[in-house]
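In UniProt numbering, the protein residues as written are 1 to 407.
Note that CB positions come from ideal geometry on N, CA and C, so glycine has one too.
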Amino acid sequence: MSGPYEDELASNENYYQPTLRSLTLADFGSPYYTPYDDPTSFVRQSALLSPRSADESGPIRVTHVGPCLVSGGTEQHLLSLVRFLDPNRIVLQRSIVTMPNLVNQEFCQQLGIPVVIGQQDTVRAAVEDSDVFLYWGLGLDDWLVDVKPPLCVFLAHGEGDWTRATMLGNRRITDHVIAVSQRVKDKVCDGFQSTVIPNGIDTARLATTRSRKDVRESLGFQPNDFLLGIVARYSSEKRFELLIETIASLPKNFKMLAVGCGHNLPKYLELANRLIPNRYAFVSASDYLGDYYQAMDAYCMTSEHEGFGLVVLEAMFHGLPVIATEVGAVPELIVHGQSGLIVEGKPHCFAEAARSLVTHRTWAKAMGAEARQFARQHGHARMMADRYTQLLERLVGEKRRSGPTKG
């Protein structure tokens, strides 16, 4: 497998670092690689529904297809659609996953719709009872070469060459592309009909259970520490080392809170222990992220590339000033100097921005307030789901009126 989850196949180890102050929910093992003995046992009996009625009445029925269901941004996107689409208009009836060793069973149970492990035969069978395929991360042209597909909508979650190559592997069947940011549309959607629908946040995921003071104390931070935070998978494109090197160049009261999981954790533990000893904490969590966002003083997006960067919007929702590289939807979410800071991906640039937040506390607080207002007005997942509903209803209507054009 190639693409953003390639490295996640490398390890299913559990890690323990006795020199680190840390909290874990899964022994820091990678939740992205969750093999199980009998994949077929995970298929729910309700996954295969009856064919749609001839009069095409009722809600639009959607099948989601992808290579994996782990715990990343694409999965949070799907979960938000399941929770906020109006079932009287759009029904996400199943998710088909093609790689059984890249399934997080806990997430699938949380998802609340049938999850089917399968490949070509499963995808072809789903054509019969679906009005829409929403798919990403794999090519379906060859699988559906002799089958009339329903309306086929590709989800462009990334801005890189891998996303573009995957789109080209679906050129024959794709009717439309949904890009998660304008930057994604500009970089990878050339030659395809496309619409930008920004991701949205499910605020329930950002709930808090403890006070800021309690969280910081439990992690060993002091009241006068200035906490730079990051929430991400421990993978190379997230560039945790950039934040660690940033902290190392700053005064001792600048410290790091990293929330994430993944097999690269030992590498980052070693680097942090060497460069910023006693100035960091790593936490593994997927729920109640609000506890950790509220413990931070500023949020850092250090990624080399992103499709959207949902964590930026989550941090903004919590009123944090954000320091971010110009990736994904960052230019669409942040007005530089007003609701956050956009910087080059170099430690000295992040360090300079962090110092400015400490030096100008009133300005930093105002940026956080501006960020919170934007996120709460424009960033809710319900708004995203409403835009999906409007677009899919329009596209399905056009498809039905025009009649079959493919297959």
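query                                                                                                                                                           : result
From the DSSP output, in three-state form, read off LEU206 for me.                                                                                              : helix
Contact between the stretch 90–98 and the stretch 55–65 is defined here as three or more beta-carbon pairs at a separation below 8 Å; is this criterion met?    : yes
Looking at C-alpha atoms only, which residue of PHE317, SER303, VAL358 and LYS255 is the closest neighbour of ILE342?                                           : SER303
If you reduce the DSSP assignment to three classes, tell me which class CYS152 lands in.                                                                        : strand
Run through DSSP, which three-state label would PHE107 get?                                                                                                     : helix
Give me the Cβ distance between GLN109 and TRP143, rounded to the nearest whole Å; I'm assuming they're in contact under 8 Å.                                   : Going by Cβ atoms, the distance from GLN109 to TRP143 rounds to 27 Å, so no, they are not a contact pair.
Less than 8 Å between the C-beta atoms of ALA285 and VAL259, yes or no?                                                                                         : yes
Once you ignore the five residues that flank LEU392 on each side, which residues in its own chain have a CB closer than 8 Å to its CB?                          : ILE60, VAL62, ILE90, VAL132, LEU151 and VAL153
Quick check on this structure: which residue in LEU78, ALA165, PRO67 and ALA381 has the alpha carbon closest to the alpha carbon of ILE117?                     : PRO67
So for PHE84, helix, strand or coil by DSSP?                                                                                                                    : helix
Taking DSSP's pairing of strands, which residues face LEU69 in a bridge?                                                                                        : VAL103
May I ask you to report which of helix, strand or coil DSSP gives GLY229?                                                                                       : strand
Identify which residue in PHE107, THR195, LEU155 and PHE221 has its Cα closest to the Cα of GLN390.                                                             : THR195
Excluding the 5 residues flanking residue 489 on each side, which residues of the same chain have their C-beta closer than 8 Å to its C-beta?                   : Residue 489 cannot be examined here, being either before or after the span of the chain that is shown, 1 to 407.
Would you decide whether ASN104 is buried or exposed? Buried here means 16 or more other CB atoms lie within 10 Å of its CB.                                    : buried
Taking the alpha-carbon of VAL127 as reference, which of ILE113, PRO114, PRO149 and LEU111 has the nearest alpha-carbon?                                        : PRO149
Just curious, the alpha helix (DSSP H) that HIS378 is in, first and last residue?                                                                               : 361–378
By a C-beta neighbour count over all protein chains shown, 10 Å radius and 16 as the cutoff for buried, is THR325 buried or exposed?                            : buried
Quick one: complete beta strand (DSSP E) runs, 3+ long, within the stretch 267–347?                                                                             : 280–283, 298–301 and 322–324
So LEU81 packs on ALA385, CB below 8 Å; how close in whole Å?                                                                                                   : 6 Å
Quick one: complete alpha helix (DSSP H) runs, 4+ long, within the stretch 121–189?                                                                             : 161–168 and 182–188
Opposite LEU257 in the DSSP bridges: which residues?                                                                                                            : GLY229 and ALA281
ILE117 by DSSP, collapsed to three states: which one?                                                                                                           : strand
Going by the CB atoms, is the gap between ARG210 and ASP291 shorter than 8 Å?                                                                                   : yes
Can you tell me where the alpha helix (DSSP H) with ILE247 in it begins and where it stops?                                                                     : 240–248
What number of angstroms, rounded off, separates the C-alpha of ALA329 from the C-alpha of ASP202?                                                              : 17 Å
Locate the beta strand (DSSP E) running through ARG94, then write down its first and last residues.                                                             : 90–97
Which residues mark the beginning and the end of the alpha helix (DSSP H) in which SER218 is found?                                                             : 212–218
Pull up the distance between the alpha-carbon of GLY307 and that of ARG183, whole angstroms please.                                                             : 8 Å
Exposed or buried, which one is GLN76 when buried takes at least 16 other CB atoms within 10 Å?                                                                 : buried
Note down, in chain order, each residue of its chain lying with its Cβ closer than 8 Å to the Cβ of THR208, except the 5 sequence neighbours on either side.    : TYR288, GLY290, ASP291 and GLN294
Taking buried to mean at least 16 other C-beta atoms within 10 Å of its own C-beta, is PRO251 buried or exposed?                                                : exposed
Closest to VAL145 by C-alpha separation, out of SER402, GLU398, ASN170 and GLU314, would be which residue?                                                      : ASN170
ILE173 and ILE197 look like a contact to me (Cβ under 8 Å); what is the Cβ gap, rounded to whole Å?                                                             : ILE173 to ILE197, Cβ: 20 Å. No contact.
Since I believe GLY368 is in contact with PRO321 (beta carbons under 8 Å), could you give me their beta-carbon distance rounded to a whole number of angstroms? : 5 Å
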